[in-house]
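Working notes, beginning with the structure itself.
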Amino acid sequence: MTAVLPALALPAGGSPFAGADVCRHAGLTLPPGTRRPGFDDDLWDFTDVTGLPASMPLAVRRFDFTLVTSPRWRTVAKELIFAMLAPRHEAVALLPRAARIPVHLRTAYARLGEASRFLNWLAGQGVSSLGEVGSHHCETYLFHRRHVLDEHGTVVGERSPGTRRRAAQVIIDLLNYGELFTADRPDPSLRPWGGATATAVAEMPSGRGMNKTPPLSDDILRPMLAAALYLTAAVGPHAAILNQQVREADQQWGRSAPGEFARTSRAPAAEITRLLDRHRHDGVPLPMLPGYLVTERLAAGWAPGDPLLAVGLNTLARQAGISQFSLQWLTELRGPIEAAVSEVGVQEMFARDAALIGRADGQGQVPWTPPLHRLQAVALVGVARTAAAAVIAAVSGMRACELMELQVGCRLPLEEPLPGLARYRLAGKLVKGQPLGGTRDEWVVIEPAYQAAGLAGQLRDAPADGDLLFGRIAFNIRYKWFRNWVNGPSGQRLGLEPIPDYPVSLRALRRTLAIELAYRPGGVLAAKFQLKHIAAATTEGYASRPGGAQAELLAEVNQHESERNLALLWDEFRNYQNGIMPARPGARELTDFFAHVDEKLDPAEAPAAKVQRNDREIRSLLTKRASVLHLGTANYCWFTDPSRALCLRLAGDQAGDKPLIGMCDSARCPQATHHPCHRPVWAEHTESTKTFLGQLGRPQKTERKRLEAEYDRAVRVLARIDEAAASGEAE
Ligand code: SF4
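So this is what it looks like as structure tokens:
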């Protein structure tokens with residue numbers, strides 16, 4: 021039996037918001053002279069609202085109510101969105117279930133999208149009034165939005181919890197704001213899903229699950245960062261000059277001068293001849309057409325062997341001060357142009373005679389780029405910009421919205437808190453969770469990121485302080501272009517290591533940095549500080565979820581750390597089996613342990629499936645040892661016995677249960693080992709100490725003595741690493 025719905029009492033008169041200025045009621049500021057969206061408009065354009073984040077797409081700033089096909093429900097949608105944007109309006113403030121805080125424009129846009137979808141879906145179901153909507157409509161709509169169907173209506177997948185929440189939320193919103201609607205309204209007694217919240221209906225994980233963004237593995241991050249750093253440091257400065265040249269060429273020859281038009285009657289023989297003479301005199305090749313235009317000429321009937329086929333005649337004309345080259349002139353000008361071509365040839369317009377730079381793989385020097393057509397030059401500048409964005413994001417951990425807020429001139433003056441110790445900072449803006457307009461903040465970065473920010477400014481057209489450094493960029497797409505360039509002939513010519521085909525997002529870079537930071541002593545706190553997580557940690561720690569994300573991050577870091585330690589120990593065990601030994605002081609203890617493991621795996625005692633058994637057994641034997649491994653900058657620390665830890669003895673903290681890596685004296689501690697992987701660090705240390713020694717003056721005797729002792733020690737460690745690796749005996 022169908023219940024008879026009570027007649028809906030719609031108020032007489034129009035909407036309480038009729039004629040209202042949306043921005044004024046929503047507290048949004050528009051520059052003077054900008055058209056202000058009114059409630060009665062079908063399109064609310066918020067494009068110029070002051071303080072909107074740069075990352076907010078233009079499409080999201082325009083609210084198009086004509087998407088709602090029914091005119092009555094269009095008014096409902098307008099009233100709903102207006103009420104969400106202006107909760108203090110006297111008509112909204114009276115509603116008991118209305119939100120009290122205005123929603124962000126981005127949220128309002130998403131709500132409008134879902135409301136349009138729901139209202140149009142209702143119309144498609146034959147529903148003509150919101151009063152007819154019952155629980156079964158709500159359930160059916162949720163099912164409709166929850167599942168992905170194929171062309172036969174069979175369920176083939178499920179959408180995200182976020183989609184489900186939006187679907188449930190729009191129905192709940194229509195009920196919560198129902199009293200306000202003047203054109204149509206839902207039955208106030210409707211209680212879909214027993215009054216549950218949209219989050220509960222959607223079964224949202226509510227942030228209790230693991231972070232879903234996977235960190236980047238080393239085999240992706242390493243070549244990606246190496247290529248980005250090489251591009252910003254070695255290629256970037258040349259790309260900035262190239263960008264300037266392209267801009268100047270565009271201004272000079274890119275378009276017709278005002279009032280200029282192509283002459284078609286008489287060939288400008290004098291001007292063209294003068295120009296050709298100049299080319300011949302200076303030995304400068306004539307401009308070359310890009311391949312796609314050559315193809316167009318061939319399609320238009322040019323002979324493949326025509327010597328002028330690849331000559332950029334229009335560019336030539338503009339260089340001579342004429343707006344456009346008419347093909348009729350060829351009858352008269354072909355001879356002189358062909359003569360010039362045979363003498364100086366044709367060549368791409370940009371990056372002729374490129375400077376030499378060192379290849380990324382150290383295999384000699386090459387021109388930083390071959391000659392380029394205009395579009396190739398613009399693309400190369402774009403690749404350099406992406407490299408700069410990747411470096412900044414990877415080493416700072418900025419979110420996409422924060423990266424896009426960086427401005428030209430964001431590099432703050434260098435600070436030198438201690439002599440010789442520079443602090444590099446970028447001025448930026450936090451957006452997420454901040455009021456409209458964001459909050460100014462600073463990012464402490466390392467030098468390559470600071471230089472990358474400077475380069476990104478130079479790569480902009482006509483950079484001026486305050487302009488956005490990158491603006492709104494789709495990093496994921498740009499990254500693909502960047503990777504294709506590195507993996508293509510251009511990157512290979514420069515000796516860059518190919519980057520595996522795997523999507524890299526700014527989120528993944530941020531997450532990778534978080535885990536990398538959190539590995540270090542006190543790193544969880546450092547990660548939270550660097551990634552501006554302090555407010556979130558405070559909320560979680562002191563309010564509803566003590567230890568929430570911190571504990572999860574820490575647990576995840578510990579898990580990564582254990583796996584990494586096991587992998588390192590496994591490598592060292594294989595080295596031991598291959599006769600590559602660690603060097604002392606703690607080498608003997610480690611090799612005894614490896615010998616013990618080897619003994620246990622006596623092939624005579626192994627069952628038939630030997631390899632599988634060995635791997636499993638080695639893993640279980642190594643796991644315990646891996647748990648005491650700590651990574652020093654230039655050594656491994658096997659922290660098995662605190663009473664033997666030299667760092668703790670030096671710090672007078674015999675009761676400590678963790679090594680003090682910052683005070684590590686690995687050349688003397690019995691728990692330290694040196695391996696071939698530490699050789700580069702010691703070699704560099706030896707070199708730099710030697711350089712410092714060479715710079716000391718006669719009076720600096722104490723310093724000389726100290727450095728000499730350090731140098732001798734580093735040389736000793738190096739020698740022992742080499743001896744142990746070569747002799748097959750632990751030193
Ligand atoms: S001195 Fe170095 S190797 Fe020795 S316990 Fe401390 S951190 Fe570990």
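Position in the sequence shown (first residue = 1) + 20 = our numbering.
For each residue, glycine too, the CB sits at the ideal point set by N, CA and C.
Query: Determine the burial state of Y250: buried for a count of at least 16 other Cβ atoms within 10 Å of its Cβ, exposed for fewer.; Result: buried
Query: I'd like the list of long-range same chain contacts for Q512, defined as Cβ closer than 8 Å, with 5 residues on each side in sequence excluded.; Result: P518
Query: Measuring only from the beta carbon, is P523 closer than 7 Å to any heavy atom that is part of the ligand SF4?; Result: no
Query: Give the single residue among Q674, P662, K721 whose Cα lies nearest to the Cα of A692.; Result: P662
Query: Is D685 near the ligand SF4, with its Cβ less than 7 Å from a heavy atom?; Result: yes
Query: For M683, I'd like the list of residues in its chain whose CB is within less than 8 Å of its CB, leaving aside the five on either flank, ordered along the chain.; Result: C667, L670, A671
Query: Using DSSP with H/G/I as helix, E/B as strand and the rest coil, what is A556?; Result: Note that A556 has pLDDT 42, beneath the 50 cutoff, so the model's placement of it is unreliable and the number below is only indicative. It is helical.
Query: The alpha helix (DSSP H) that contains Q396, what's its start and end?; Result: 394–416
Query: For L318, count neighbouring Cβ atoms within 10 angstroms of its own Cβ and tell me buried if that reaches 16, exposed if not.; Result: exposed
Query: At 3 residues or longer, and completely inside the region 644–725: list those beta strand (DSSP E) runs for me, N to C.; Result: 649–651, 656–658
Query: In three-state DSSP terms, what is G34?; Result: coil
Query: Closest to L526 by CA distance: which of S686, L241, H393 is it?; Result: L241
Query: Is the separation between the beta-carbon of L142 and that of H157 shorter than 8 Å?; Result: yes
Query: Less than 7 Å between the CB of Q691 and some heavy atom of the ligand SF4, yes or no?; Result: yes
Query: Specify the secondary structure class of A40 as computed by DSSP and reduced to three states.; Result: coil
Query: Determine the burial state of V96: buried for a count of at least 16 other Cβ atoms within 10 Å of its Cβ, exposed for fewer.; Result: buried
Query: Quick one: does the C-beta of A254 sit closer than 7 Å to a heavy atom of the ligand SF4?; Result: no
Query: Looking only at its own chain, which residues have a Cβ that is under 7 Å from the Cβ of R431, when we skip the five neighbours before and after it?; Result: L446, Y470, A473, G474
Query: Got a sec? Which residues, its chain only, sit under 7 Å from P520 by beta carbon, not counting five neighbours each side?; Result: D239, I240
Query: Going residue by residue through the region 112–156, where are the continuous alpha helix (DSSP H) segments of at least 4 residues, counting only ones entirely within it?; Result: 125–144
Query: According to DSSP, simplified to helix, strand and coil, what is Q348?; Result: helix
Query: Name the DSSP bridge partner or partners of W64?; Result: F83
Query: Quick one: does the C-beta of G652 sit closer than 7 Å to a heavy atom of the ligand SF4?; Result: yes
Query: Under 8 Å Cβ to Cβ from R733, same chain only, skipping five residues before and after it: list those, please.; Result: A687
Query: Which same chain residues end up closer than 7 Å to T558 when comparing Cβ atoms and leaving out the 5 residues on each side of it in sequence?; Result: The pLDDT assigned to T558 is 32, lower than 50, so where the model puts this residue is not dependable; a value taken from the coordinates is nonetheless given after this. Here the set comprises nothing.
Query: At a cut-off of 7 Å, is C657 close to the ligand SF4 when judged by its beta-carbon and the heavy atoms of the ligand?; Result: yes
Query: By Cβ distance below 8 Å, which residues in the same chain neighbour S564 in space, the five residues on each side in sequence not counted?; Result: Its pLDDT being 30, under 50, S564 is placed unreliably in this model, and the value from its coordinates should be taken loosely. There are no such residues.
Query: So, using beta-carbon positions, are L48 and F59 closer together than 8 Å?; Result: no
Query: Is A665 near the ligand SF4, judged by its Cβ being under 7 Å from some heavy atom?; Result: yes
Query: For a test of your reading of the model: does the CB of P679 fall under 7 Å from any non-hydrogen atom of the ligand SF4? Yes or no.; Result: yes
Query: Can you tell me whether I554 is buried or exposed, with buried defined as 16 or more other CB within 10 angstroms of its CB?; Result: Annotation note: pLDDT 47 at I554 (below 50); position unreliable, coordinate value reported separately. By the neighbour-count rule (16 or more Cβ atoms within 10 Å), I554 is not buried but exposed.
Query: Compute the Euclidean distance between the alpha carbons of T532 and S416, then round it to the nearest angstrom.; Result: 11 Å
Query: Contact between the region 493–511 and the region 435–445 is defined here as three or more beta-carbon pairs at a separation below 8 Å; is this criterion met?; Result: no
Query: Give, in chain order, every unbroken run of the alpha helix (DSSP H) that is at least 4 residues long and sits entirely within the region 248–327.; Result: 256–269, 289–302, 311–319
Query: What number of angstroms, rounded off, separates the C-alpha of Y161 from the C-alpha of K98?; Result: 21 Å
Query: To which residues of the same chain is R120 closer than 7 Å at the C-beta, ignoring the five residues directly before and after it?; Result: P107
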